[in-house]
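K.L.:
Let me begin by handing over the structure; questions about it come next.
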Amino acid sequence: MRLKHIILTTCLFSSTLAMAELPQDSRRPGGIAVIPLTSDITQVTFQHKPVLISQEGQQRYAVFGIPLSTPLGSIQLETNKAPLQIEVKSYPYAEQRLKVTNQDYVNPNQSQLDRYAQEAKEQNDVYSSFTQSSWQALPKFIRPTSGKFT
């Protein structure tokens, strides 16, 4: 009985891993562009910052997180060969409105602003760093819960 349980668990786990591959290509502000690359492209950058390159089978991809502030239209990624143009399209993001009762969150006092500035600096230092990964393919993430995917 225990052996059956182990085999079943292993099969389910490995089949779940096989389903989790590259993210969905969604070329919109705040989305992810998954761009097929030719074999001679080994480096991709956007605004002088490196872009992740992953490989699935024999195909290499640039996996580029499009900043939410990116204007609609054509943007250019630089490569060690020719530049890549991608089109950023509109997307109707859902909107939610909040009514905040504690106005300190709306109009923070100076000590809160100072703390926010310090925390933002620490976070931006981390966000602006880049370390080339040692793996070739993207990690096979598993969706943690079911429900609306945003």
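Under mature numbering (1 follows the signal peptide of the UniProt record, and there is no 0), the letters of the sequence shown match residues -20 to -1, 1 to 130, in that order. Backbone N, C-alpha and C define an ideal beta-carbon position, used for all residues, glycine too.
1) Determine the direct distance from the alpha carbon of Q27 to that of P119, and round the result to whole angstroms.
2) If you measure between the beta carbons of R8 and Y71, is that distance less than 7 Å?
3) Here's a check: name, in chain order, each residue in its chain whose Cβ is nearer than 8 Å to the Cβ of L2, leaving out the five neighbours to either side.
4) Using C-beta distances below 6 Å, list every residue in its chain close to R123, excluding the 5 sequence neighbours before and after it, in chain order.
5) Could you check the C-alpha separation between Q38 and Q112 for me, to the nearest Å?
6) Determine contact between the segment 51 to 68 and the segment 76 to 84, defined as no fewer than three beta-carbon pairs at a distance below 8 Å.
7) Going by Cα to Cα distance, which pick from I55, V68, K101 is closest to D5?
P.N.:
Working from what's here:
1) 25 Å
2) Contact: yes.
3) Correct list, in chain order: V14, S34, E36, Y41, V43, L118.
4) none
5) 20 Å
6) No, the segment 51 to 68 does not touch the segment 76 to 84.
7) V68
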